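In this note's numbering, the protein residues as written are 129 to 227.
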Amino acid sequence: MSETKKRKVHTPEYKARVALEALRSGKTINQIGQEFDVHPVQVGQWKKAIQEQAKTLFEGKRGPKPVDAQSAPERLYSEIGRLKMELDWLKKKSGISLS
């Protein structure tokens, strides 16, 4: 009977630790793979993933939110409608008739 290997399931913390080690150490991918008992190709994939996702780490923390170009006209038209209703109400309450 042949014995089948079970696939290892690594936690996200473990993957991050291996990828960060690959980023900051002077070791080769092969050395890191042997140290953490992970295939070197997998270490390279995790390293690449952490490099690509690092730019999104600090997005959205501060500063103005990007305005959606399609929602801007709808938002402006709703603001105009609200202001027109307020103006009509003020005219009615003050008794001013401009027509």
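C-beta: ideal position from N, C-alpha, C; glycine also.
If you're wondering where the values come from, they're calculated on a predicted model, not measured in any experiment.
For the pair of segments examined, the region 174-189 was found not to touch the region 203-218: the number of CB pairs separated by less than 8 Å stays below three. The residues Ile160, in chain order, have a CB closer than 7 Å to that of Glu149 in the same chain once the five nearest residues on each side in sequence are set aside. For Phe186, there is no enclosing alpha helix (DSSP H), as DSSP marks it with neither H nor E. For the beta strand (DSSP E) assignment, the region 141-217 encloses no uninterrupted run of at least 3 residues.
With contact defined as three or more Cβ pairs closer than 8 Å, the region 162-181 and the region 209-221 are not in contact.
Excluding the 5 residues flanking it on each side, Phe164 has same chain C-beta neighbours closer than 6 Å at Val146, in chain order.
Counting only the Cα atoms, Leu185 lies some 39 Å from Gly209.
Leu151 and Lys134 have their C-alpha atoms roughly 28 Å apart.
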